[in-house]
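Engineer: Residue numbers (the working numbering), protein chains in the order written: chain A, 1 to 68; chain B, 1 to 576. Every residue, glycine too, gets a C-beta built ideally from N, C-alpha and C.
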Amino acid sequence: MNFDLRLPIGIMFSILGVLVATVGIASSKSSTVLGININLTWGIVMLIFGALMLFGAMRGRNKNEDGK
Amino acid sequence: MQSIHLGGIDYAILFTYFIFILGIGWTLKRYMKGSADFFLSGRSIPAWVTGLAFISANLGAQEVIGMAANGAKYGIMTSHFYWIGAIPAMVFLAIFMMPFYYGSKARSVPEYLKLRFDEKTRGLNAILFAVMTVFSSGISMHVFALLLGKLLNWDYNVCIALSAVIVLVYILLGGLTSAIYNEVLQFFMIVLGFTPLVFLALKDVGGWSALKEKLIPVATSQNFAPGTWTESWRHLGSYTDNPMTASWFSLVMGLGFVLSFGYWCTDFLVVQRAMAANSMSAARRTPLIAAFPKMLFPALVILPGMIAIAMYQAGDHFLPFVDNDPAKGLNYNMTIPMLLVKYFPTGMLGVGFTALMASFMSGMAGNVTAFNTVWTYDIYQSYFAPGKSDQHYLWMGRWATVGGILLSVCAAYAASSFNSIMDMLQLVFSFVNAPLLATFLLGMFWRRTTAHGAFGGLVGGLIVPNIFHGLALPDGATAGIKGGWLAHIVGMQPISFHSEMGQTLWTAIIAWTTCFALTILISLVTKPNKTDEQLAGLVYSLTPKPKSENEPWYEQPVTLGIIVLVVTIILNIIFW
Numbered sequence: 001m002n003f004d005l006r007l008p009i010g011i012m013f014s015i016l017g018v019l020v021a022t023v024g025i026a027s028s029k030s031s032t033v034l035g036i037n038i039n040l041t042w043g044i045v046m047l048i049f050g051a052l053m054l055f056g057a058m059r060g061r062n063k064n065e066d067g068k
Numbered sequence: 001m002q003s004i005h006l007g008g009i010d011y012a013i014l015f016t017y018f019i020f021i022l023g024i025g026w027t028l029k030r031y032m033k034g035s036a037d038f039f040l041s042g043r044s045i046p047a048w049v050t051g052l053a054f055i056s057a058n059l060g061a062q063e064v065i066g067m068a069a070n071g072a073k074y075g076i077m078t079s080h081f082y083w084i085g086a087i088p089a090m091v092f093l094a095i096f097m098m099p100f101y102y103g104s105k106a107r108s109v110p111e112y113l114k115l116r117f118d119e120k121t122r123g124l125n126a127i128l129f130a131v132m133t134v135f136s137s138g139i140s141m142h143v144f145a146l147l148l149g150k151l152l153n154w155d156y157n158v159c160i161a162l163s164a165v166i167v168l169v170y171i172l173l174g175g176l177t178s179a180i181y182n183e184v185l186q187f188f189m190i191v192l193g194f195t196p197l198v199f200l201a202l203k204d205v206g207g208w209s210a211l212k213e214k215l216i217p218v219a220t221s222q223n224f225a226p227g228t229w230t231e232s233w234r235h236l237g238s239y240t241d242n243p244m245t246a247s248w249f250s251l252v253m254g255l256g257f258v259l260s261f262g263y264w265c266t267d268f269l270v271v272q273r274a275m276a277a278n279s280m281s282a283a284r285r286t287p288l289i290a291a292f293p294k295m296l297f298p299a300l301v302i303l304p305g306m307i308a309i310a311m312y313q314a315g316d317h318f319l320p321f322v323d324n325d326p327a328k329g330l331n332y333n334m335t336i337p338m339l340l341v342k343y344f345p346t347g348m349l350g351v352g353f354t355a356l357m358a359s360f361m362s363g364m365a366g367n368v369t370a371f372n373t374v375w376t377y378d379i380y381q382s383y384f385a386p387g388k389s390d391q392h393y394l395w396m397g398r399w400a401t402v403g404g405i406l407l408s409v410c411a412a413y414a415a416s417s418f419n420s421i422m423d424m425l426q427l428v429f430s431f432v433n434a435p436l437l438a439t440f441l442l443g444m445f446w447r448r449t450t451a452h453g454a455f456g457g458l459v460g461g462l463i464v465p466n467i468f469h470g471l472a473l474p475d476g477a478t479a480g481i482k483g484g485w486l487a488h489i490v491g492m493q494p495i496s497f498h499s500e501m502g503q504t505l506w507t508a509i510i511a512w513t514t515c516f517a518l519t520i521l522i523s524l525v526t527k528p529n530k531t532d533e534q535l536a537g538l539v540y541s542l543t544p545k546p547k548s549e550n551e552p553w554y555e556q557p558v559t560l561g562i563i564v565l566v567v568t569i570i571l572n573i574i575f576w
């Protein structure tokens, strides 16, 4: 089956990461809990996770094409 | 009670998630050409995907909501569900049982029973399993709707319909593959959604050592030793020493061996994920890959419950009462949702809330895919319409999905009120999976086991614990669904247990022992119905050992299994 699950996971978490981080920047006061801007921090974490998944998917695709 | 006010951004996050799970189903639609694609994913899925789906399918309401509730009620002792329960069972499944499940090419757990024993054993198991999955999925749906209704002021019926329709659509489109792929998405959603929650709550309470301090009055106020909530093994000398009312024997035998091995090694809901793997090696690695994150889940699901009860004791009364009635005690099932409301601002609230929804849906979808397979292959194909075309069974599978969800909806409406969801599910499992474990152990490792023996053992293993259930009753409960009904009818004093948990553990032990003993006895006096040739690939002593495929060490099941066990032992010692 020619379907790499890392692709949708990567796209989805990148989108969620950007959304949440944007909220963190736009309203940093209400986003701050216990001294941490949780929206910005965790938005970036999700964005990095999404990017890593996308990176893996891209590498997998290149490998496949080389193999063929 | 405080309700959640989701902002526009939170709805956007929820909506994005729904788009992706439905999109995955839509993308997979073109691969669903035959019944093997729909029910078995064409045995084509890589190990990391089946591994994460393996835990995610079990990561339903009973896990997220129930384990947090148990964390509040029992403290760190709840980790026994993982560190002597799930993990050893998963290693055993991978190393010893998977070669027979995957190698026999059985399409389901009941079908293995047919190959190893006979039609009646398969039929009994298939029917019981089908009923159980419908109930599990119904309970999941019920809790989901109740929670959503309370939190968002949504209508109960709308919530039921919403969850039913989404799960229905993505399974109809992409079958088991769709369920498995979405379970992986749900796994990451849950981990990424709850990790910051636990982090914030732990920071707020002052870290682990401060939490330990704050849990001392929780224990002493209930007349337990100060460390009862933070030490998992030290208070198991006698059942009066801990809130679970368990002794080390009932815990290790009942929870560790019978219930956990029974669930993880024989329940088709989880085994089906491993059966969809693309090779024998991948199938055996599936439970082991699952074991690594599973080991750490107590931090994600039990810790929040412990934090919540510590805060409550210290005067922060954010947990609601059951039905808002102080006389009924705290509603521990609201732990996670209330922490979400307490700590997450709009934005992360959407993420946390989506994670909560994801956990409900993964549990439901797991049950539905297991149900449609068992119904179609083990019941419909065997008894109603044998010998039809593959397309016919694919058609039936789609309709079984619709039927399974409709039945779950009925079960959701019928779901009665139990103190804790986990206790109720365990009550059901103790009657169904516990004897089945004895059947499988004997079937796989003792070639002399006969079909009549297996069937007789299973029937006995279902009847005897039911009678015992009727004779036993937890303290303070009235005779009825919790036990004691038979004692009430015959007019004797019920056998008294200090808690439902204690009673359940013993019922499970009795169920297993009955089936084990009966199967051996009947096997010794009946003749085997299969020759050694027919049993090759199904029984340990008649199957060539899986030869090493020259994998690197990190792909060898035995090596991985040993690593998993060593880490688990270390975790047990740290929190001794």
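CB residue 514 (chain B) to CB residue 464 (chain B), shorter than 8 Å?
Structural biologist: yes
Engineer: I'd like to know if residue 62 (chain A) contacts chain B, where contact means its C-beta is closer than 8 Å to some C-beta of that chain.
Structural biologist: no
Engineer: Cβ closer than 8 Å: which chain A residues qualify as neighbours of residue 351 (chain B)?
Structural biologist: 16, 20, 42, 46
Engineer: Drop a sphere of 10 angstroms on the beta-carbon of residue 106 (chain B), count the other beta-carbons inside from all chains shown, and report buried for 16 or more, exposed for fewer.
Structural biologist: buried
Engineer: Quick one: which residues of the stretch 296-307 of chain B get their C-beta closer than 7 Å to a C-beta of chain A? List them in chain order.
Structural biologist: none
Engineer: Does chain A have any CB closer than 8 Å to the CB of residue 16 (chain B)?
Structural biologist: yes
Engineer: If contacts are defined as beta-carbon pairs under 8 Å, then residue 40 (chain B) and residue 396 (chain B) qualify, I think. What distance do you get, rounded to the angstrom?
Structural biologist: Not a contact, Cβ separation roughly 15 Å.
Engineer: Kindly indicate which residue of B:554, B:332, B:272 has the alpha-carbon position closest to the one of residue 36 (chain B).
Structural biologist: B:272
Engineer: Express the C-alpha separation of residue 176 (chain B) and residue 342 (chain B) in angstroms, rounding to a whole number.
Structural biologist: Approximately 37 Å, taken between the alpha carbons.
Engineer: Decide if the stretch 365-379 of chain B is in contact with the stretch 119-138 of chain B; the criterion is three or more beta carbon pairs, one per stretch, under 8 Å apart.
Structural biologist: yes
Engineer: Please state if the CB of residue 278 (chain B) and the CB of residue 46 (chain B) are separated by a distance shorter than 8 Å.
Structural biologist: yes
Engineer: Counting Cβ pairs, one atom from each stretch, are 3 or more of them under 8 Å apart for the stretch 86-104 of chain B and the stretch 62-75 of chain B?
Structural biologist: no
Engineer: Are the beta-carbon atoms belonging to residue 575 (chain B) and residue 231 (chain B) less than 8 Å from one another?
Structural biologist: yes
Engineer: Using three-state DSSP, classify residue 234 (chain B) as helix, strand or coil.
Structural biologist: coil
Engineer: Show which residues of chain D have a CB atom less than 8 Å away from the CB atom of residue 30 (chain A).
Structural biologist: Among the chains of the structure shown, chain D does not appear; the protein chains present are A and B.
Engineer: Can at least three beta-carbon pairs, one atom from the stretch 531-542 of chain B and one from the stretch 488-497 of chain B, be found at a separation below 8 Å?
Structural biologist: In short, these stretches do not touch, since the Cβ pair count stays below three.
Engineer: Give me the residue from B:18, B:82, B:146 with the minimum Cα distance to residue 189 (chain B).
Structural biologist: B:18
Engineer: DSSP three-state call for residue 422 (chain B): helix, strand or coil?
Structural biologist: Since pLDDT at residue 422 (chain B) reaches only 45, below the 50 mark, its modelled position is unreliable, and the value read off the structure follows with that caveat. Helix, per DSSP.
Engineer: Tell me the DSSP secondary structure of residue 4 (chain B) in three-state form.
Structural biologist: DSSP places residue 4 (chain B) in coil when its eight states are reduced to three.
Engineer: How should residue 327 (chain B) be labelled, buried or exposed, when 16 other C-beta atoms within 10 angstroms of its C-beta is the threshold for buried?
Structural biologist: exposed
Engineer: Note down the Cα distance separating residue 414 (chain B) from residue 54 (chain A), rounded to an integer number of angstroms.
Structural biologist: C-alpha separation (whole angstroms): 44 Å.
Engineer: Closer than 8 Å between beta carbons: that is the criterion. Which residues of the stretch 189-205 of chain B meet it against chain A?
Structural biologist: Only those residues of the stretch 189-205 of chain B whose C-beta falls short of 8 Å from the nearest C-beta of chain A are listed: 192, 196, 200, 203, 204.
Engineer: Is residue 5 (chain B) buried or exposed, if buried means 16 or more other CB atoms sit within 10 Å of its CB?
Structural biologist: exposed
Engineer: Terminal residues of the continuous alpha helix (DSSP H) containing residue 557 (chain B)?
Structural biologist: 557-574
Engineer: I think residue 246 (chain B) touches residue 502 (chain B), with their Cβ atoms under 8 Å apart; what is that distance to the nearest whole Å?
Structural biologist: 6 Å
Engineer: For my contact list, residue 412 (chain B) and residue 95 (chain B) are in at a C-beta cut-off of 8 Å; report their separation, rounded to the angstrom.
Structural biologist: That pair is no contact at about 37 Å.
Engineer: Hey, out of B:558, B:477, B:554, B:507, whose CA is closest to residue 250 (chain B)'s CA?
Structural biologist: Closest by alpha carbon: B:507.
Engineer: Pairing CB atoms from the stretch 224-244 of chain B with CB atoms from the stretch 389-406 of chain B, are three or more of them under 8 Å?
Structural biologist: no
Engineer: Using alpha carbons as the reference points, say which of B:439, B:288, B:451 lies closest to residue 566 (chain B).
Structural biologist: Among B:439, B:288, B:451, the Cα nearest to that of residue 566 (chain B) is on B:288.
Engineer: Taking three-plus beta-carbon pairs below 8 Å as touching, is the stretch 344-364 of chain B in contact with the stretch 36-50 of chain A?
Structural biologist: yes
Engineer: Compute the Euclidean distance between the alpha carbons of residue 32 (chain A) and residue 205 (chain B), then round it to the nearest angstrom.
Structural biologist: 17 Å
Engineer: For residue 242 (chain B), which residues of its own chain have a beta-carbon under 8 Å away from its beta-carbon, when the five flanking residues on both sides are left out?
Structural biologist: 74, 77, 224, 228, 235, 236
Engineer: When you compare the CB of residue 5 (chain A) with every CB in chain B, is at least one pair closer than 8 Å?
Structural biologist: Chain B contact via Cβ: present.
Engineer: I'd like to know whether the C-beta of residue 20 (chain B) is nearer than 8 Å to at least one C-beta of chain A.
Structural biologist: yes
Engineer: Can the beta-carbon of residue 14 (chain A) be found less than 8 Å from the beta-carbon of residue 57 (chain A)?
Structural biologist: no
Engineer: Taking Cβ positions, are residue 20 (chain A) and residue 351 (chain B) nearer each other than 8 Å?
Structural biologist: Closer than 8 Å, so yes.
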